[in-house]
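> Residue numbering for the sequence shown follows my numbering, beginning at 125 and increasing consecutively.
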Amino acid sequence: MESTLSPLLRLTLGEACWTCQEHLRACDAGLPRCRTCIEHGSTCSGYGSKLSLTHTGLKSKRQSGHTLRSPSMTGQLAPVQDMPILTAFHPLPVEQSYFAQHFSHNIARIGLAIDHQGNGYRWLLPMAMSEPALLNAALAVAASHHSRWQQSTNNDALKYLRASCLNLKQRLVDRKLVHSNVTLASMLLLATLGIAAIPELDPWMEATADHKQTIDALFGCSVRLPKLLSAASRLLVAIRDGQLVPSEIQSRADALQKEIRATRISADAIPMLGLTCRRTAQAFSASIGLHEDEMRRRAIATAEIFRHAAHIFVYRIIHGPEISLSPEMLESLHSALGLLTLVPDAVGPGANLGWCLVVLGTELETAEYRHYITSRWAGLHLLGVHSTKNGEKILNEVWNHRDLIKQGYPGASERWQDTMLRIGKAQILM
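#1: Please classify Ile424 as buried or exposed, where buried requires at least 16 neighbouring CB atoms within 10 angstroms.
#2: Should Tyr439 go down as buried or exposed, given a rule of 16 or more other Cβ atoms within 10 Å for buried?
#3: How is the beta strand (DSSP E) around Thr338 delimited, first residue to last?
#4: Which residues share a DSSP beta bridge with Gly548?
#5: Leaving out five residues on either side along the sequence, give the residues of the same chain with a beta carbon under 6 Å from the beta carbon of Gly503.
#6: For Ala391, count neighbouring Cβ atoms within 10 angstroms of its own Cβ and tell me buried if that reaches 16, exposed if not.
#7: Just mark Tyr533 as buried or exposed, buried being the case when its beta carbon has 16 or more other beta carbons within 10 Å.
#8: Could you please give me the residues that DSSP links to Ser456 through a beta bridge?
#9: Quick check: what's the CA-CA separation for Leu342 versus Trp273?
#10: With C-beta atoms as the reference, is Val522 less than 8 Å away from Thr486?
#11: Helix, strand or coil for Ser448, going by three-state DSSP, please let me know.
#12: One question on the structure: do Val467 and Leu519 come within less than 8 Å of each other, judged by their Cβ atoms?
#13: Can you check whether the C-beta of Gln241 is within less than 8 Å of a C-beta belonging to chain B?
#14: For the alpha helix (DSSP H) containing Gln274, name the first residue and the last one.
#15: State the CB to CB distance for the pair His226 and His270, rounded to an integer number of angstroms; the pair is presumed to be in contact (CB under 8 Å).
#16: Return the residue from the list Leu463, Thr143, Asn476 that minimises the CA-CA distance to Leu557.
#17: What is the rounded straight-line gap between the Cα of Pro108 and the Cα of Leu368?
#18: Smallest Cα separation from Thr543: which of Lys530, Arg376, Arg526?
#19: Does the region 304 to 312 come within contact of the region 240 to 259, defined as at least 3 CB pairs closer than 8 Å?
#20: Does DSSP put Ser375 in a helix, in a strand, or in coil?
#21: Would Ala427 and Ser346 be called neighbours here (beta carbons separated by less than 8 Å)?
#22: Near His190, which residues of its chain fall below 6 Å by C-beta distance, leaving aside the five closest residues on each side in sequence?
#23: Buried or exposed: which applies to Ile394, given that a residue is buried once 16 or more other Cβ atoms fall within 10 Å of its Cβ?
#24: Mind checking which residues open and close the alpha helix (DSSP H) that includes Val218?
#25: Please return the same chain residues whose Cβ sits closer than 7 Å to the Cβ of Trp540, not counting the five positions on each side in sequence.
#26: Would DSSP call Ser304 helix, strand or coil?
#27: Could you work out which residue in Pro350, Ala262, Ile363, Ala281 is closest to Leu313 when comparing CA atoms only?
#28: Can you tell me whether Asp340 is buried or exposed? The criterion is at least 16 other CB atoms within 10 Å of its CB, across all chains shown.
#29: Suppose you measure from the CA of Leu545 to the CA of Leu528; what does that come to, to the nearest Å?
#30: With Pro350 as the anchor, note down where its alpha helix (DSSP H) starts and where it stops.
#31: Alpha carbon to alpha carbon, how far is Glu455 from Asp365?
#32: What does the alpha-carbon distance come out to for the pair Thr180 and Trp501?
#33: Following the continuous alpha helix (DSSP H) through Pro250, name the residue where it begins and the one where it ends.
#34: Alpha carbon to alpha carbon, what distance is there between Ala386 and Glu416?
#35: Let me know if Thr277 comes out buried or exposed under the rule of 16 or more other beta-carbons within 10 Å of its beta-carbon.
If you want it as structure tokens, here you go:
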């Protein structure tokens, strides 16, 4: 693939779509297309990487007697505005081409913490053109994301998922293919479907370290907390779908709160580092320029912030936003805000607190507290992680909506999850 693509240059943008860039407009970076284009009656060209000839490719064309005109030949070639990444490869059927474009423009953009020129998710598509398992996996992810975005109930994602699983099964029984990059990439894409309610997921998350005070090195919370948050999310869905009676709702919420309390890590603990899906744990160590004791203190504080946010998250599942926090939940809120001061910046564990800031921020009313949370968002934005900006947008919308209702505007209070769905950010903070 390297030899095939070496004469080509990938052209990428930051926060603006190609159409807004061309017309010098302020782009809102909306998905799947920006609202600025919609308001101007323009077709949004998306945010995906585009291909253009590099100087090496240009030189070879000239030597072969061909010429290539460009508005600017002194520096990097101007982007070809309507040439998305797939036009460099053989055509797909219309539906598959549409979902492949959606994968390139949107899925790849949020697939990594920081979208950049070397985003490997986009470069899976050229490989997928000749690999059915990988292509169907990419199409399944794109179709699932698009269906959720449009709030439609079609079976496109299921169709591609079944095809990809069949292709993958054939590869897994072939010793020559089981360890190939295509097999691994297909499994990676299928894992990103994010179906949290599948029965196989709970046993996978139960394979946690025996050491109770173990912190997940990726999430920053207790290794036992992701499973509880998954159960809480399923409880929220069951309530929305009317599947449970009030007594069962309260019983399940109380059980979750009890298990969340059991994940507490004391301030003087010597925690271990592990992963939610693994039984082994490693001794704690620091390697980013902080003293080990300071890093341990921040890691414990971060894990405890997650625990307090989880308590409030479960509480709000059965109590609407118009109901005040109970004394216990109010204590969790104040404890979490106090612990935030022990994680002063986004170095190390503090990089993972975006979800917590949303949960805690929705409970804050005063301008002083809101300003503090906003300053914490600014620190996270320095990492270049796009999801932090979406988290801040959700929280700001929650605050704005609440303030408008207090001023007498018509409307009802809503949970931050409902706000997230209303403004189209559901795929970011699931």
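For every residue, glycine included, the Cβ atom is placed at its ideal position computed from N, Cα and C.
Judging by the given coordinates:
#1: Buried: at least 16 other Cβ atoms inside 10 Å.
#2: buried
#3: 338 to 340
#4: Partner(s): none; Gly548 has no beta bridge.
#5: Asp469, Ala470
#6: With fewer than 16 other Cβ atoms within 10 Å, it is exposed.
#7: exposed
#8: Answer is none; Ser456 lacks a bridge partner.
#9: Roughly 27 Å between the two C-alpha positions.
#10: Note that the C-beta distance between Val522 and Thr486 is below 8 Å.
#11: coil
#12: no
#13: The structure shown has no chain B; it contains just one protein chain.
#14: 256 to 274
#15: 5 Å between Cβ atoms; contact.
#16: Coverage of the chain is limited to positions 125 through 554, which leaves residue 557 absent and any answer about it impossible.
#17: No information on residue 108 is available, as it lies outside the stretch 125 to 554 that the chain covers here.
#18: Arg526
#19: yes
#20: helix
#21: yes
#22: Note that His190 has pLDDT 41, beneath the 50 cutoff, so the model's placement of it is unreliable and the number below is only indicative. Same-chain partners within the cutoff: there are none.
#23: exposed
#24: 218 to 226
#25: Val482, Thr486, Ile518, Val522
#26: coil
#27: The candidate whose alpha carbon is nearest that of Leu313 is Ala262.
#28: Asp340 should be labelled buried.
#29: 19 Å
#30: Counted as a single uninterrupted DSSP element, the alpha helix (DSSP H) harbouring Pro350 occupies residues 349 to 364.
#31: When only Cα atoms are considered, Glu455 and Asp365 end up about 31 Å apart.
#32: Only weak support is given to the placement of Thr180: the predicted model assigns it a pLDDT of 39, under 50, and the value that follows is read from those uncertain coordinates. C-alpha separation (whole angstroms): 42 Å.
#33: Per DSSP, Pro250 belongs to the alpha helix (DSSP H) from 248 to 252.
#34: 26 Å
#35: exposed
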